[in-house]
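See below for the structure under consideration.
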Amino acid sequence: MAATPFSSQNDSALLAALRETFNAGSEVDWKAVADMVRDQKTPEDCAHRWASLVKNRRRLNTEVNEVLTLQRQIKPVCSRGLYTAEEDEKLLRALRDCMEEKRRVCWKEGWHTVCTPNTYSTYNSGIKVIYICPLSRITSSHKQTNISMYPYHVHMPKSVQA
Numbered sequence: 002m003a004a005t006p007f008s009s010q011n012d013s014a015l016l017a018a019l020r021e022t023f024n025a026g027s028e029v030d031w032k033a034v035a036d037m038v039r040d041q042k043t044p045e046d047c048a049h050r051w052a053s054l055v056k057n058r059r060r061l062n063t064e065v066n067e068v069l070t071l072q073r074q075i076k077p078v079c080s081r082g083l084y085t086a087e088e089d090e091k092l093l094r095a096l097r098d099c100m101e102e103k104r105r106v107c108w109k110e111g112w113h114t115v116c117t118p119n120t121y122s123t124y125n126s127g128i129k130v131i132y133i134c135p136l137s138r139i140t141s142s143h144k145q146t147n148i149s150m151y152p153y154h155v156h157m158p159k160s161v162q163a
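When you read off a place in the sequence shown, starting at 1, and then add 1, the result is the number in my numbering.
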C-alpha cells in the first residue's frame, strides 16, 4: 500500500516533533516522530519527508530553516572547506597507520580517479587531492606500491607520499 502524501498539517506536526527533539538535545528517534505525526506515517516516511524539506528549504518557509538550525546545533555538519595543515597531517598519518600487511594501496600522481562519483570519497588539502575508492574499480594503468590498504585504492600526488 502506497503511503499517502504529507499534508501541510503533517508537515507542521513533523516540524513540531523535530523541534521538540532538537530542543531536548537528542538524536532523532524517527519512530517517536512518526507517532507524533500520526496519520499512518512510518518512521521512513518521516525521515524521507524531512530530507525532502531540507533539500527544498529555499522554496519553503523559514520554519524548516529554524528546525534545521536546531539540528545542526546538536550534530554539526562536516566542514566543506580545505583541510588545515594539522588536519592534513592527521589524515595522512591515519592512512599510513591503518594500512595492514594484507592490504594494498595504489598511489597515482594527478587528479583523476577511476571511480564513479557515488563510490569514492575525496579529501581536499590545499592543492593536494586524495581519492579513495574500492579496489574493484582499479584499472591496470595504475601504478601500485607494496603499501597496503585493501579494499580501498588511494590516489595522491607523489609530493604527499613521503
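Glycine included, every Cβ here is placed at the ideal spot set by N, Cα and C.
Every value quoted in this text rests on a predicted model; they were computed, and no experiment measured them.
Give a yes or no on contact between the region 87 to 95 and the region 43 to 52, applying the rule of three or more CB pairs nearer than 8 Å.
In the pairwise beta carbon analysis, the region 87 to 95 is classified as not touching the region 43 to 52: fewer than three pairs are separated by under 8 Å.
Given Asp30, which residues of its chain have a CB within under 8 Å of its CB, disregarding the five upstream and five downstream residues?
Thr22
Could you name the residues of the same chain whose beta carbon sits closer than 8 Å to that of Ala35, not counting the 5 residues immediately before and after it, in chain order?
Counting only Cβ-Cβ distances below 8 Å, and skipping sequence neighbours, we find Lys42, Thr43, Pro44, Asp46, Cys47.
Determine the burial state of Ala95: buried for a count of at least 16 other Cβ atoms within 10 Å of its Cβ, exposed for fewer.
By the neighbour-count rule (16 or more Cβ atoms within 10 Å), Ala95 is not buried but exposed.
Where do the N-terminal and C-terminal ends of the alpha helix (DSSP H) with Arg20 fall, by residue?
Segment 9 to 24, the alpha helix (DSSP H) holding Arg20.
Does Lys42 come out as helix, strand or coil in the three-state DSSP assignment?
coil
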